[in-house]
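Read in order, the letters of the sequence shown correspond to residues 4 to 597 in this note's numbering.
Even for Gly, the Cβ is constructed at its ideal location relative to N, Cα and C.
Working notes for the structure below.
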Amino acid sequence: MIENTLSDLLSESVKSLYNSELPSNLAQVQKTRSEFEGDYTIVVFPLLRMSKKNPEQTANEIGEYLQNASEIVDSFNVVKGFLNLSISDSYWLDFFENNRKSTSFGKEKTKDQQALVIEYSSPNTNKPLHLGHIRNNLLGWSVAEINMAAGRNVKKVNLVNDRGIHICKSMVAWQKWGGGQKPEDKGTKGDKFVGDYYVKFDQEYKKEIASMIEKGADKADAEKNAPVLIEAKQMLKKWEDDDKDVRALWQEMNQWVYNGFDISYKRMGIDFDKVYYESETYLLGKSLVEEGLKNGVLIKKEDGSVWCDLTDEGLDEKLLLRSDGTSVYMTQDLGTAQLRYDDFNPSDLVYVVGNEQIYHFDVLKKVLKKLGRSWADAIHHLSYGMVELPHGKMKSREGTVVDADDLMDAMYDTAKTTSEELAKFDDFTEEESDKLYNILSLGALKYFILKVDPKKTMMFNPEESIDFTGNTGPFIQYTHARIKSVLRKAKEANIDFNLNFDDQELEAKEKSLIKLIYEYPAIIQQAAINYSPAVVANYAYELAKEYNQFYHASPMLKEENENKRALRLAISEFTANTIKSAFALLGIDVPDRM
4 MIENTLSDLL
14 SESVKSLYNS
24 ELPSNLAQVQ
34 KTRSEFEGDY
44 TIVVFPLLRM
54 SKKNPEQTAN
64 EIGEYLQNAS
74 EIVDSFNVVK
84 GFLNLSISDS
94 YWLDFFENNR
104 KSTSFGKEKT
114 KDQQALVIEY
124 SSPNTNKPLH
134 LGHIRNNLLG
144 WSVAEINMAA
154 GRNVKKVNLV
164 NDRGIHICKS
174 MVAWQKWGGG
184 QKPEDKGTKG
194 DKFVGDYYVK
204 FDQEYKKEIA
214 SMIEKGADKA
224 DAEKNAPVLI
234 EAKQMLKKWE
244 DDDKDVRALW
254 QEMNQWVYNG
264 FDISYKRMGI
274 DFDKVYYESE
284 TYLLGKSLVE
294 EGLKNGVLIK
304 KEDGSVWCDL
314 TDEGLDEKLL
324 LRSDGTSVYM
334 TQDLGTAQLR
344 YDDFNPSDLV
354 YVVGNEQIYH
364 FDVLKKVLKK
374 LGRSWADAIH
384 HLSYGMVELP
394 HGKMKSREGT
404 VVDADDLMDA
414 MYDTAKTTSE
424 ELAKFDDFTE
434 EESDKLYNIL
444 SLGALKYFIL
454 KVDPKKTMMF
464 NPEESIDFTG
474 NTGPFIQYTH
484 ARIKSVLRKA
494 KEANIDFNLN
504 FDDQELEAKE
514 KSLIKLIYEY
524 PAIIQQAAIN
534 YSPAVVANYA
544 YELAKEYNQF
554 YHASPMLKEE
564 NENKRALRLA
574 ISEFTANTIK
584 SAFALLGIDV
594 PDRM
């Protein structure tokens, strides 16, 4: 990148002018602020102790040196203690010529290195995917794609929470109130079908609690001993004891859910390299607990429960096995972490999980360290904020969750209604319109969620997300379609824009757009390091905004100068390709026609 080149030149200048070695932390180059003339700025104040001169003298001496020593620096100006450098058109055009036809511009080839394992999705098999899962899936998948583009050896993994008391609650409810029906009998997706019984369990559980309290029971006692809950606990124990009938029912109901998940994943464009199942990892977790007991780093209490004492780490004791020998979430997470280490020997283990689990992952790392796993430091919790809705928080067991499929359906309807109100796509066939509404609706949903920094809680507003103006997916998609329309018209008019532009002068808007495209490789690296698709999303918005200004300020098809016209069309093509590439990292399609 040019910043590195300029930093090296700055060090050279200090050595030559002042016979001093410039510490690397002082060789800083930054983009020039928009209100000043120039492309890159050097802050001169830290250099005064070497120059022994005032800021303006120092800046002018260094500016003249850089201009004479390198063809990159075309001119410079000094504003107080700031040296603003203007980069030559030839540098930008050389970059443009060397990269505009590249299908992999901005991306690095995968380096031969340890794997970066990224876990996302992690659904429970007692309910369908909901709005929170959408943010998790989109975030995890995009972080994986961005890191692959940055040259990392990424492995996408999913952990399905397919066992435990919550799963048994759905199973008990179906046994008691399902009447033997299956998803196909009701024409319902399997995950939605099973989720309805999870809600049914909670409803009946609350009725039983109320009845027991009415008969004089203490509230806490009623919550602990409600008959339907006892049944679920007994079923969990039977499952862990490998009861044949319970296991058969568990497999059947889980398969209903998996079939439903597959439909939702496909619609969202989500995939995985490997899927782990809690039912297969919790036993390994138990073996790690046994190992910890033998080594004396874990504690077994009188009731048979097993704990890890983390008081010396500033935390409390953490339960790893219940008194009846059944495992908890932490148990299976220990096993899963070990499996992933064994499978991939990763440099980093990234867990994309909501911020309510910060404590859980802090404990996970500390327990693994107690168990002698030095690689525990490789665990990174990519904590993200919850998605809120105008009408309040979602609760799965109460049935107030916004189902992922329902949300995607609603987004499609919103895209269709908004487009029809704006009289867009009137010349599209029904099939073309349907395809476009799908692209727009998913683009709006994905962009609205991914443009927000992962750490922030966000409010999702479907109507706002589908707007064709402002910082939205459809606005950027429309910009891409606008460019493709211009390029089609150029082709129809037999305009050749595959010329050589080495000696051409750049106008301000042309240069500004090329400079912004130049930043794309660094944007990918920054987004990868920070695990933040928001960096790519907001870059795509800035690029679309800059192009629209360029479009209105710079005639193309009507430009009489053949070289200017060709350059502007070539810049347009490079912009469209970069928007398409950036949106692909977010899992968003861009239409060629709107």
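Check: Please name the residue, chosen from R596, I527, V390, that lies closest to D430 on a Cα-to-Cα basis.; Outcome: R596
Check: Here's the rule: buried if 16 or more other CB atoms are within 10 angstroms of the residue's CB, otherwise exposed. What is D92?; Outcome: buried
Check: Can you tell me whether DSSP reads F586 as helix, strand or coil?; Outcome: helix
Check: Looking at N139 and I170, is the spacing between their C-beta atoms short of 7 Å?; Outcome: no
Check: Does S330 come out as helix, strand or coil in the three-state DSSP assignment?; Outcome: strand
Check: What does the alpha-carbon distance come out to for the pair I582 and Y450?; Outcome: 13 Å
Check: Roughly how many whole angstroms lie between the Cα atoms of D168 and V249?; Outcome: The sequence shown places Ile at residue 168, not Asp. Their Cα atoms are separated by approximately 13 Å.
Check: Could you check what DSSP says for E563 in three-state terms: helix, strand or coil?; Outcome: coil
Check: Does the Cβ of L141 have 16 or more other Cβ atoms within 10 Å, making it buried, or fewer, making it exposed?; Outcome: buried
Check: Is the CB-CB distance between Y208 and V231 below 7 Å?; Outcome: yes
Check: Could you give the first and the last residue of the continuous beta strand (DSSP E) run that contains N87?; Outcome: 85-90
Check: Keeping to the same chain, check which residues put their C-beta closer than 7 Å to that of A153; ignore five residues upstream and five downstream.; Outcome: E111, I527, Q528, A531
Check: For A153, which of helix, strand or coil comes out of DSSP?; Outcome: coil
Check: Ends of the beta strand (DSSP E) at E67?; Outcome: Run containing E67: none in the beta strand (DSSP E); it sits in the alpha helix (DSSP H), 58-72.
Check: If we call anything under 7 Å between Cβ atoms a contact, is N358 one with S377?; Outcome: no
Check: Between D592 and the rest of its own chain, which residues show a CB-CB distance below 7 Å, the 5 nearest in sequence each way excluded?; Outcome: I442, G446
Check: Does the count of Cβ pairs from the stretch 342-350 and the stretch 302-310 closer than 8 Å reach three?; Outcome: no
Check: So the alpha helix (DSSP H) Y521 belongs to, where does it begin and stop?; Outcome: 511-521
Check: Taking three-plus beta-carbon pairs below 8 Å as touching, is the stretch 465-477 in contact with the stretch 495-512?; Outcome: no
Check: Can you tell me whether K158 is buried or exposed? The criterion is at least 16 other CB atoms within 10 Å of its CB, across all chains shown.; Outcome: buried
Check: Rounded C-beta distance between S16 and L69? I'm assuming under 8 Å.; Outcome: 6 Å
Check: If you follow the beta strand (DSSP E) that V355 is part of, which residue opens it and which one closes it?; Outcome: 351-357
Check: Can you look up T8 in the DSSP assignment and give me helix, strand or coil?; Outcome: helix
Check: Does DSSP put K438 in a helix, in a strand, or in coil?; Outcome: helix
Check: Only counting the same chain, and skipping five residues up and downstream in sequence, which positions put a Cβ closer than 6 Å to that of V300?; Outcome: K373
Check: So I45 is in the beta strand (DSSP E); what residue range does that whole segment cover?; Outcome: 43-46
Check: If contact is defined by three or more beta carbon pairs under 8 Å, each pair taking one atom from either stretch, is the stretch 553-565 in contact with the stretch 532-544?; Outcome: no
Check: Which residue's Cα is closest to the Cα of L448: M271, K548, V353?; Outcome: M271
Check: Taking Cβ positions, are S444 and Y415 nearer each other than 7 Å?; Outcome: yes
Check: Kindly list the residues whose CB is nearer than 7 Å to the CB of L86, restricted to its own chain and excluding five residues on each side of it in sequence; keep chain order.; Outcome: T44, I45, V47, A62, I65, G66, F79
Check: Would you report the Cα separation of S19 and L25, rounded to the nearest angstrom?; Outcome: 11 Å
Check: Should A30 and L13 be called a contact, given that it needs their Cβ atoms to be closer than 7 Å?; Outcome: yes
Check: If you run the structure through DSSP and keep just helix, strand and coil, what is K368?; Outcome: helix
Check: What's the gap between the Cα of F257 and the Cα of R343?; Outcome: The sequence shown places Asn at residue 257, rather than the Phe named in the question. Computed Cα separation, rounded: 23 Å.
Check: Keeping to the same chain, check which residues put their C-beta closer than 7 Å to that of K189; ignore five residues upstream and five downstream.; Outcome: F196
Check: Would you report the Cα separation of G109 and N580, rounded to the nearest angstrom?; Outcome: 11 Å
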